[in-house]
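Residue numbers (this note's numbering), protein chains in the order written: chain G, 13 to 271; chain Y, -6 to 134.
All residues carry an ideal CB built from backbone N, CA and C; glycine is no exception.
Please read these numbers as outputs of a predicted model, since none were measured by experiment.
Beneath this line is the structure, given in structure tokens, with notes to follow.
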Amino acid sequence: NFTSDNEFHSSFIHRRLKSQERREMQREILSILGLPHRPRPHLHGKHNAAPMFMLDLYNAMTTDGDENRYSYPYKPIFTTQGPPIASLQDNNFLNDADMVMSFVNLVEHDKEFLPVRRHHREFRFDLSRIPEGEAVTAAEFRIYKDFIHERFDNETFRISIYQVLEEHSDRESDLFLLDSRVIWAAEEGWLVFDVTATSNHWVLNPGRNLGLQLALESTNGESISLRVAGLIGRSGPQNKQPFMVAFFKATEVHLRSIR
Amino acid sequence: SALGGSKQRNANQPKGAKSQVTLRMANIAENSSSDQMQACKKHELYVSFKDLKWQDWIIAPDGYAAYYCEGECAFPLNSYMNATNHAIMQTLVNFINPKSVPKPCCVPTQLNAISVLYYDDSSNVILKKYRNMVVRACGCH
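Structure below.
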């Protein structure tokens, strides 16, 4: 029944839809969205950092008048070495993207390896559910840094992000340094790291996705816990949770499979 | 004629539409008597994700005005029917041989994209652009 209690006169024949017809209709609408079934997310809090960021992107894409040109709404904090990812700050990757996806952080360990005391935090993201025929054009890892009261304003830390290459039970993992920069104790906001190459590697080789590691050092090279510099982890507020976001471009024309 | 834009659509949306699948089709046909068929034009069709109760996984939008094309592409097509040159020819042949040669079809000639923001099963968030979703103009083809 399309519009039984609708006050608009319709030239359509009014009839009640059978439940099978209703299900078929919903399946057709889902197929328009490229979905085989209706997703059932376990968390759908719209105040988490990732959905809020993605809603900003959605609003930027749909309300900038000309749907084809929109500006990247999320300005990360610029550390002493200038914009963290110059390429990501121009908007082409956003305008060209067919799809943008944010990934929830699946696991987080704050670890400390002895005898050489090395604090680090591990993050994991599942990039295995990306629709076929989509290539990563840009990807970012985002973590929030709070202002920290107990430190001196002019104090600085060195933060480094690594891709985990190989894990070992008896010793530290083999790591590949992606980026390293100096941050000020007084800074507050989103730290953004370019993980485009790593994401492409994970999409092509899902088995090699062993996550990322973040490590922090004081100016004299001493390893310190990320909490000391105000870096928010899973125990922090929902709207400051770390996440990853990737921008995709379709690499082939999607021909709907014959039904 | 379509009833205002989709914005006005939300205000008039009846509360608690009965059927779970609510595909809102509205078309006020000024002269909808069956013998006097209407000319090919755009009619309102609003797909409501809200009425489909999909808002636990679709973050935005609440729905979208898809529109559809309906109407007759009969001889003489005249110039305002947004027809291709060949569609005019098709009507001439149909005019001469209506039994076996069909009239041109009233179809979308311009379509717009929309973006949809939703959760997948793992609670990742996806923002995807879907082309050819909204009819901007209809014509005889």
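Where does residue i land, buried or exposed, given buried means 16+ other C-beta within 10 angstroms?
{"i": "Y/Ala130", "result": "exposed"}
{"i": "G/Phe260", "result": "buried"}
{"i": "Y/Met82", "result": "exposed"}
{"i": "G/Ala209", "result": "exposed"}
{"i": "Y/Phe88", "result": "exposed"}
{"i": "G/Ser114", "result": "buried"}
{"i": "G/Pro63", "result": "buried"}
{"i": "Y/Gly132", "result": "buried"}
{"i": "G/Thr231", "result": "exposed"}
{"i": "G/Gly223", "result": "buried"}
{"i": "Y/His36", "result": "buried"}
{"i": "G/Arg271", "result": "Only weak support exists for where G/Arg271 lies, its pLDDT of 42 falling under 50; the coordinates are left without a value."}
{"i": "G/Pro254", "result": "buried"}
{"i": "Y/Asn78", "result": "exposed"}
{"i": "G/Asp110", "result": "buried"}
{"i": "G/Arg133", "result": "buried"}
{"i": "G/Asp206", "result": "buried"}
{"i": "Y/Gly56", "result": "buried"}
{"i": "Y/Ser41", "result": "buried"}
{"i": "G/His131", "result": "buried"}
{"i": "G/Leu203", "result": "buried"}
{"i": "G/Val194", "result": "exposed"}
{"i": "G/Gly94", "result": "The pLDDT assigned to G/Gly94 is 34, lower than 50, so where the model puts this residue is not dependable; a value taken from the coordinates is nonetheless given after this. It is exposed - the Cβ of G/Gly94 has fewer than 16 other Cβ atoms within 10 Å."}
{"i": "Y/Ser108", "result": "buried"}
{"i": "G/Glu33", "result": "exposed"}
{"i": "G/Glu146", "result": "buried"}
How far does the alpha helix (DSSP H) with residue i in it extend, from its first residue to its last?
{"i": "G/Phe215", "result": "Note that residue 215 of chain G is Val in the sequence shown, not Phe. Taken as a continuous stretch (DSSP letters only), the alpha helix (DSSP H) holding G/Val215 covers Thr208 to Leu216."}
{"i": "Y/Met126", "result": "Counting along the chain, Y/Met126 falls outside any alpha helix (DSSP H), though it belongs to the beta strand (DSSP E) covering Val118 to Cys133."}
{"i": "Y/His79", "result": "Asn78 to Ile89"}
{"i": "G/Ile44", "result": "Ser31 to Ile44"}
Which residues of chain Y have a Cβ atom closer than 9 Å to the Cβ of residue i, listed in chain order?
{"i": "G/Phe115", "result": "Ser115, Asn117 and Val118"}
{"i": "G/Arg141", "result": "Asp113, Asp114, Ser115 and Asn117"}
{"i": "G/Leu55", "result": "Tyr112 and Ser116"}
{"i": "G/Leu45", "result": "Ile51, Val109, Tyr111, Lys121 and Tyr123"}
Does chain C have any CB closer than 7 Å to the CB of residue i?
{"i": "Y/Tyr57", "result": "The chain labelled as chain C is not found among the protein chains of the depicted structure, namely G and Y."}
So, are the CB atoms of residue i and residue j less than 7 Å apart?
{"i": "Y/Trp50", "j": "Y/Tyr112", "result": "yes"}
{"i": "Y/Ala80", "j": "Y/His134", "result": "yes"}
{"i": "G/Pro249", "j": "Y/Asp114", "result": "no"}
{"i": "G/Phe169", "j": "G/Leu106", "result": "no"}
{"i": "Y/Thr102", "j": "Y/Asn71", "result": "no"}
{"i": "G/Glu152", "j": "G/Val257", "result": "yes"}
{"i": "G/Val112", "j": "Y/Leu104", "result": "no"}
{"i": "Y/Ser196", "j": "G/Leu55", "result": "The structure shown does not extend to residue 196 of chain Y, since chain Y is modelled only from -6 to 134, so the question has no answer here."}
{"i": "G/Leu190", "j": "G/Ile173", "result": "yes"}
{"i": "G/Gln225", "j": "G/Val176", "result": "yes"}
{"i": "Y/Lys43", "j": "Y/Cys66", "result": "no"}
{"i": "Y/Gly64", "j": "Y/Cys98", "result": "no"}
Below 6 Å, is the gap between the Cβ of residue i and the nearest heavy atom of the ligand ZN?
{"i": "G/Leu189", "result": "With respect to the ligand ZN, the structure shown offers nothing to examine, as it has no ligands at all."}
Start and end of the beta strand (DSSP E) containing residue i?
{"i": "G/Glu146", "result": "Glu146 to Lys157"}
{"i": "Y/Ser108", "result": "Cys99 to Tyr112"}
{"i": "G/Arg170", "result": "Thr168 to Glu178"}
{"i": "G/Glu229", "result": "Leu224 to Ser230"}
{"i": "G/Ile195", "result": "Asp186 to Trp196"}
{"i": "G/Ala109", "result": "Note, G/Ala109: premise wrong, no beta strand (DSSP E); not H, not E."}
{"i": "Y/Tyr57", "result": "Gly56 to Ala58"}
{"i": "G/Arg133", "result": "Arg130 to Phe135"}
{"i": "Y/Leu38", "result": "Lys34 to Ser41"}
{"i": "G/Lys261", "result": "Phe255 to Ala262"}
{"i": "Y/Ala53", "result": "Ile51 to Ala53"}
{"i": "Y/Cys62", "result": "Tyr61 to Glu63"}
Strictly below 7 Å CB to CB, what residues from chain Y border residue i?
{"i": "G/Ile41", "result": "Val40"}
{"i": "G/Leu67", "result": "Ile52, Ala53 and Leu110"}
{"i": "G/Ala62", "result": "Val118"}
Report the neighbours of residue i on chain G: residues whose CB is nearer than 7 Å to its CB, in chain order.
{"i": "Y/Ser108", "result": "Tyr70, Met73 and Thr74"}
Could you list which residues in chain G have their beta carbon closer than 8 Å to that of residue i, in chain order?
{"i": "Y/Leu45", "result": "Gln38 and Ile41"}
Using a C-beta to C-beta distance shorter than 8 Å, which residues of chain Y count as neighbours of residue i?
{"i": "G/Pro51", "result": "Trp50, Tyr111, Tyr112, Asp113 and Asp114"}
*For the stretch 242 to 251 of chain G against the stretch 145 to 163 of chain G, are there 3 or more C-beta pairs whose distance is under 8 Å?*
yes
*asked:* Taking 8 Å as the cut-off, does the stretch 130 to 144 of chain G touch the stretch 210 to 217 of chain G (at least 3 CB pairs, one atom from each stretch)?
replied: yes
*Are the stretch 232 to 242 of chain G and the stretch 174 to 194 of chain G touching by the rule of at least three beta carbon pairs closer than 8 Å?*
no
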